[in-house]
């Protein structure tokens, strides 16, 4: 009887259980190695390499020497980020975004440069409107403040919908 043999182990016939198990081990090892490579490539691609352009206001003042600003607060004292997930309805988001876009269009210039000045007006005025979901800024929960900031940034990028 002349059985074909495996090239990686010429003494074992193709139908040998040892050859079959050895092939399975190699196959599983190759799949595991492929999975590790794929995960490493995905992790490398998922790491952001671009940093967003800093926003600043020409009228903002730097804090006094030796005094650091809190994370999410600009040197001018404007809250530009909140450590909370954004909480708003779709309608609230659209209204806030539209109000911000209208304000930015009236100011002219680069809308991205208008983010901080607009947030400053929202945070310093005691009145409420669609931009702050009908609630003054200090009375908004952190999640609602985050939603306002998201809507303002979307307005600057013309993404109101």
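Numbering (full-length UniProt numbering), first residue to last: 1 to 161.
A virtual CB, placed ideally from N, CA and C, is assigned to each residue, including glycine.
In this text the structure is predicted, and so the values were computed from the model without any measurement.
Identity of the residue in the options nearest residue i by Cα
{"i": "residue 127", "options": "140, 115, 116", "result": "140"}
{"i": "residue 72", "options": "145, 98, 133, 94", "result": "145"}
{"i": "residue 133", "options": "151, 159, 78", "result": "151"}
{"i": "residue 80", "options": "104, 158, 117", "result": "117"}
{"i": "residue 130", "options": "113, 148, 114", "result": "148"}
{"i": "residue 157", "options": "90, 98, 83", "result": "98"}
{"i": "residue 106", "options": "159, 155, 93", "result": "155"}
{"i": "residue 77", "options": "122, 136, 102, 161", "result": "122"}
Nearest-angstrom Cα separation, counted from residue j out to residue i
{"i": "residue 75", "j": "residue 85", "result": "23 Å"}
{"i": "residue 153", "j": "residue 115", "result": "7 Å"}
{"i": "residue 110", "j": "residue 143", "result": "27 Å"}
{"i": "residue 161", "j": "residue 102", "result": "14 Å"}
{"i": "residue 159", "j": "residue 136", "result": "24 Å"}
{"i": "residue 112", "j": "residue 89", "result": "24 Å"}
{"i": "residue 100", "j": "residue 94", "result": "10 Å"}
{"i": "residue 40", "j": "residue 96", "result": "In this prediction, residue 40 has a pLDDT of 39, which is less than 50 and means its spatial position is unreliable; nothing more can be read from the coordinates."}
Residues that DSSP places opposite residue i in a beta bridge
{"i": "residue 152", "result": "DSSP output for residue 152 lists no bridge partner at all."}
{"i": "residue 79", "result": "73"}
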